[in-house]
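Engineer: Going letter by letter, the sequence shown gives residues 10 to 377 in our numbering.
Below you will find the structure I want to go over with you.
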Amino acid sequence: MTTPTQKLSDAGVSIWLDDLSRQRLTSGNLQELIDTKNVVGVTTNPTIFAAALADGESYREQVSELAKEGVSVDDAVFRITTDDVRDACDLFTPIAQATQGVDGRVSIEVDPRLAQDADATSAMAQKLSQTIDRPNALIKIPATEKGLPSIAATIAEGISVNVTLIFSLDRYRGVINAYMQGLEEALENGKDLSTIHSVASFFVSRVDTEIDKRLDAVGTDEAEALKGKAGLANARLAYQVYEEQLETERWKRLAAAGANPQRPLWASTGVKDPSLPDTLYVSELVAPNTVNTMPEKTLDATYDHAEITGDTVTGTYQQATDVLNAVAEQGISYEEVVDQLETEGLEKFDKSWDELLATVRTALDEAR
């Protein structure tokens, strides 16, 4: 019997696990997910590393060595996280080779405290890429307005990028422009475009969480009927933007020079509202050439009982537009929501980074 995760893969969706820890690597758990649940990549973020290091047994030996060396907390975090990502890259190398670098990818984020400093972000992206030194690493850069030049500059250097924290369709267009600008510069610099890859991480469930809260405050039957719909509508319209840019002359010139499309990635796909189906942001966002990065709970639910019926995105664009228009008619500002979500997303990453530093600081102190 074909599993739902296999059906998802067959429909053109790459399944990436939204989690990484040394325990997953050393226990064989990650390899098992590759073998049994069609996992072909991994994404990480400060929150994930903070959680992994909080359960620090797997890191005890390295932390002791770092304590003896007298390294700073920032350097210890850098060493620990890049080591995990390098090892995960090695695990995924066969998949990366089999897919010409499309999958088998492992993402690591630049220090989120640099999100509003384009030059510092670009420098950190280069440092991460050089330190990990694996062609299947993806450097995550937040899609802030100030992050867009960093994305272009990093791509221009031939470094593959996961653009994260995208909420709005307008910002997504800016991300696509930054990717193409980076490719154009890379081409001018004599880089091989076929080796450069990128995904654009469009956040889904957080849109519903915020808009549904505002719909509850409106309190009408019409508002109630729109709950749980805006996140999918927003993501589906993002896929329309993706399809449209592939038809532009600018993209066709780059594609002729060997460039790879920047695939849409559905992030934040764990369902926050228990009244919604737990696989909603998987089964309703099936489209060719996309990535769905799932927390393990969502991956398990998908494997167990998701109904995968083929493409559920193409051709839904008018319906999706109608949903967002109906939300606006309830007095809810799309621009206000997406701006708030970006601000909150950066704050969450900053907070998680602080927790990560605190966890490592405590472990180093104990080891000393």
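Beta carbons: idealized from backbone N, C-alpha and C, even for Gly.
On a predicted model such as this, the values are computed, not experimentally measured, just so you know.
What is the residue span of the beta strand (DSSP E) that residue 303 lies within?
Structural biologist: Looking at the DSSP string, the run of the beta strand (DSSP E) that includes residue 303 is 299 to 303.
Engineer: Please return the same chain residues whose Cβ sits closer than 6 Å to the Cβ of residue 149, not counting the five positions on each side in sequence.
Structural biologist: 116, 118, 171 and 173
Engineer: Ignore the nearest five residues each way along the sequence and tell me which others in residue 358's own chain have a CB closer than 6 Å to its CB.
Structural biologist: The beta carbon of residue 358 lies closer than 6 Å to those of 55 and 121 in the same chain, with the five residues before and after it left out.
Engineer: If you check the beta carbons only, do residue 67 and residue 47 fall under 9 Å apart?
Structural biologist: no
Engineer: Can you give the Cα-Cα distance for residue 97 and residue 39, rounded to whole angstroms?
Structural biologist: Rounded to whole angstroms, the separation of the alpha carbons of residue 39 and residue 97 is 9 Å.
Engineer: Using three-state DSSP, classify residue 103 as helix, strand or coil.
Structural biologist: For residue 103, the three-state secondary structure derived from DSSP is helix.
Engineer: Measure the CB-CB distance between residue 343 and residue 245 and report whether it falls below 9 Å.
Structural biologist: no
Engineer: DSSP state of residue 77, grouped into three classes?
Structural biologist: helix
Engineer: Excluding five sequence neighbours on each side, which residues of the same chain lie with their C-beta closer than 7 Å to the C-beta of residue 177?
Structural biologist: Taking C-beta separations shorter than 7 Å and ignoring five residues to either side along the sequence, the partners of residue 177 in its chain run 347, following chain order.
Engineer: Judging by CA-CA distance, which residue of 314, 271, 335 and 282 is the nearest neighbour of residue 164?
Structural biologist: If we check each option's Cα against that of residue 164, 271 comes out closest.
Engineer: Could you tell me which uninterrupted beta strand (DSSP E) segments, each at least 3 residues in length, are contained entirely in the region 120 to 183, listed from first to last along the chain?
Structural biologist: Qualifying beta strand (DSSP E) stretches, in chain order: 146 to 151 and 170 to 175.
Engineer: Run through the region 280 to 362 for me and flag every whole beta strand (DSSP E) of 3 or more residues, listed as ranges in chain order.
Structural biologist: 299 to 303
Engineer: Tell me, which residues are paired with residue 208 by DSSP?
Structural biologist: 171 and 272
Engineer: Just to confirm, is the Cβ distance from residue 32 to residue 83 under 9 Å?
Structural biologist: No, they are not a contact pair.
Engineer: Please name the residue in 337, 305 and 91 whose C-alpha comes closest to that of residue 143.
Structural biologist: 91
Engineer: Do the CB positions of residue 376 and residue 86 come within less than 9 Å of each other?
Structural biologist: Taking the C-beta atoms as reference points, residue 86 is found no nearer than 9 Å to residue 376.
Engineer: Can at least three beta-carbon pairs, one atom from the region 186 to 199 and one from the region 317 to 325, be found at a separation below 8 Å?
Structural biologist: no
Engineer: What do you get for residue 318, buried or exposed, if any count of 16 or more other CB atoms within 10 angstroms of its CB means buried?
Structural biologist: With fewer than 16 other Cβ atoms within 10 Å, it is exposed.
Engineer: Could you have a look at residue 48 and say whether DSSP puts it in helix, strand or coil?
Structural biologist: strand
Engineer: Could you check if residue 28 belongs to the surroundings of the ligand SAH, using beta carbon to heavy atom distance under 8 Å?
Structural biologist: Among the components of this structure there are no ligands whatsoever, and the ligand SAH is therefore not found.
Engineer: Find out if the Cβ-Cβ distance for the pair residue 129, residue 137 is shorter than 9 Å.
Structural biologist: no
Engineer: Around the C-beta of residue 36, are 16 or more other C-beta atoms found within 10 angstroms, so that it is buried, or is it exposed?
Structural biologist: Its Cβ having fewer than 16 others within 10 Å, residue 36 is exposed.
Engineer: So residue 304 and residue 279 are in contact, right, with Cβ under 8 Å, and what is the actual spacing, rounded?
Structural biologist: 5 Å
Engineer: Would residue 58 and residue 355 qualify as a contact pair, given that the criterion is a beta-carbon distance under 9 Å?
Structural biologist: no
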